[in-house]
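Going by numbering that gives the first Met the number 0, the residue at position 202 of the sequence shown is 201; the numbering climbs one at a time, nothing skipped.
Cβ atoms here follow ideal geometry from the backbone N, Cα and C, with glycine treated the same way.
Data block below; observations after.
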Amino acid sequence: MAIVSMKALLETGVHFGHRTRRWNPKMKPYIFTERNGIHIIDLQQTIGMIEDAYNVVRDVVAEGGSVMFVGTKRQAQDTIATEATRAGQPYVSERWLGGTLTNWKTISQRIVYLKNLERRRDAGEFDALKKREKLRVEREINNLNRRLGGIREMQGLPEVLFVVDVNHEETAVHEANILDIPIIAMVDTNCNPDKIEYLIPSNDDAIRAIKLITSKMADAALEGMAARKESLVEEEAVIDMDSFSYGGSFDGLGEDVADEELLGASTLAKIEEAAAAAEAEKVAEIVEDAAIIEAAEVVEEEALEEAVEALAVAVEAEAVQEAAEEVVAEDLAIAAETDDEAVADEALEEAAEALAVAEEAEVVKEAAEEIVAEDLAVAEAAEAVIEAAEEDAAEAVAEIEEIEETVAEIEEIAEE
């Protein structure tokens, strides 16, 4: 099962990149198409790369490492703090302090200083100070907490960085590159992906998109923590197998035994059980693909409906614009031909009003045409998703047939 569904990516706007004039050509491999001056990100690649990043985070945490979440832009701050805290990982959501990684020794000393101030405050050592001095100390504690609060429990450098917007977090990316710390990042169409080991092509400005992908990285960390706890429990329960010996005989399992003789009822049952499990997994994939197709079809249908509505608005606005321009032309002609000053003034006034209507209609038409282009781009992206899901489902069906054929062949051998 995919870590995140295509429907969720579409609903949160992960596929919308920046204006084409602001793009970074190095992101070309991850761009699906361009519509009305906006790049559309290839969500099929995004899904795979989210899964890769998820596995990296999970494995790092399972091995006892940490992942630092970094996002200091306004849209990311709350999400970064919330999700990193939920996952028990360090984070930076305020301004990145230069040297946070490359000068960790000094930063860690400031953290010790912060904790010492808090300990002394809680012990009442500052109670005897004047009110002004106490406020100064409290303000210093608050400032340090705001800047260092997300990394105060970090014991050393993180094994991986997760970054929202590599352009905005340029300093953090640079420090991680210097120290060879791998980076997972949401990379938009205006970014350079070269310095990112695990990039996730994505809209890095939309709050909902940031929440979706950041929450998946937090889920990966939680899964890794659970796996680590389970591993530690298993290690404690390991029995020293060297203290046991086996005195029996394994006669009868020599190299001369034919494969058919090894296919006893128990072995055959295990093979059938494994095949059933594999078949069930493929059926689950088909069900998931069907859900993706259904969701994408809804998105495509809604986008096309909106496009039709917007097109009707554009056509109507164009008709209003043309009618208003005709009125302008007629009024100007009247004003030019008449010798009556009052008639001329009235005609010019009507022409000015009609011109304003024409200009307003043109604005409405352009806005409606933009909506049409955007909706068609969404519909096209949804259609691509549908085609990919149908291909995946067809492959799964073929694999199920192959599994069934293999089991049938094994059963024939066993019967012989």
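Can you tell me which of the options puts its alpha carbon nearest to the alpha carbon of residue i?
i: Ala381; options: Ala302, Asp330 and Ala341; result: Ala302
i: Ala353; options: Glu324, Val371 and Lys364; result: Glu324
i: Thr81; options: Ala378, Lys210 and Glu411; result: Lys210
i: Ala275; options: Asp339, Glu398 and Glu394; result: Glu398
i: Val406; options: Val307, Ala393, Lys364 and Ala277; result: Ala277
i: Lys281; options: Glu299, Glu394 and Ala346; result: Glu394
i: Val59; options: Ala219, Thr71, Ala268 and Ile212; result: Ala219
i: Gly47; options: Glu168, Ser92, Val327 and Leu8; result: Leu8
i: Lys72; options: Asp203, Arg118 and Leu231; result: Asp203
i: Ala318; options: Arg18, Gly98, Trp22 and Glu359; result: Glu359
i: Ile195; options: Thr19, Ala273, Val172 and Lys269; result: Val172
i: Ile212; options: Leu42, Glu299, Glu271 and Arg109; result: Leu42
i: Gln74; options: His167, Ser107, Asn54 and Ile30; result: His167
Whole angstroms are fine: how far does the CA of residue j sit from the CA of residue i?
i: Ala122; j: Thr105; result: 26 Å
i: Val384; j: Met67; result: 32 Å
i: Ile418; j: Val13; result: Within the shown structure, residues of the chain are numbered from 0 to 415, placing residue 418 beyond reach of any answer.
i: Glu369; j: Val362; result: 11 Å
i: Ile285; j: Asp391; result: 8 Å
i: Val297; j: Leu147; result: 45 Å
i: Phe161; j: Thr170; result: 14 Å
i: Ile402; j: Asp288; result: 20 Å
i: Ile2; j: Lys228; result: 22 Å
i: Glu254; j: Thr101; result: Because the pLDDT of Glu254 is 46, which lies under 50, any placement of that residue in the model is unreliable, and the question is left without a value.
i: Asp164; j: Ala205; result: 11 Å
i: Val56; j: Thr78; result: 17 Å
i: Glu321; j: Ala335; result: 21 Å
i: Ala257; j: Glu411; result: At Ala257 the pLDDT is 48, less than 50, meaning the model places this residue with poor confidence; the figure from the coordinates comes in the next sentence. Straight-line Cα distance between these residues: approximately 15 Å.
i: Asp330; j: Leu375; result: 40 Å
i: Val314; j: Ser4; result: 36 Å
Tell whether a beta-carbon distance below 8 Å holds between residue i and residue j.
i: Ala309; j: Ala388; result: no
i: Gly149; j: Ala83; result: yes
i: Ile199; j: Thr45; result: yes
i: Val136; j: Leu113; result: no
i: Gly16; j: Ile49; result: no
i: Val371; j: Ala316; result: no
i: Ala208; j: Ser214; result: no
i: Asn35; j: Glu373; result: yes
i: Met153; j: Ser65; result: yes
i: Tyr197; j: Ile180; result: no
i: Ile283; j: Lys6; result: Reading the sequence as shown, one finds Ala at residue 283 and not Ile. No, Cβ-Cβ distance for Ala283 and Lys6 is not below 8 Å.
i: Ile270; j: Ile110; result: no
Does the structure place the region 149-159 close enough to the region 83-93 that three or more beta carbon pairs sit under 8 Å? yes
Taking the runs of the beta strand (DSSP E) that are 3 residues or longer, which of them lie wholly in the region 24-92? 30-34, 37-40 and 66-69
Is the region 18-33 touching the region 185-192 in the sense that three or more CB pairs, one from each, lie closer than 8 Å? Yes: at least three Cβ pairs fall under 8 Å.
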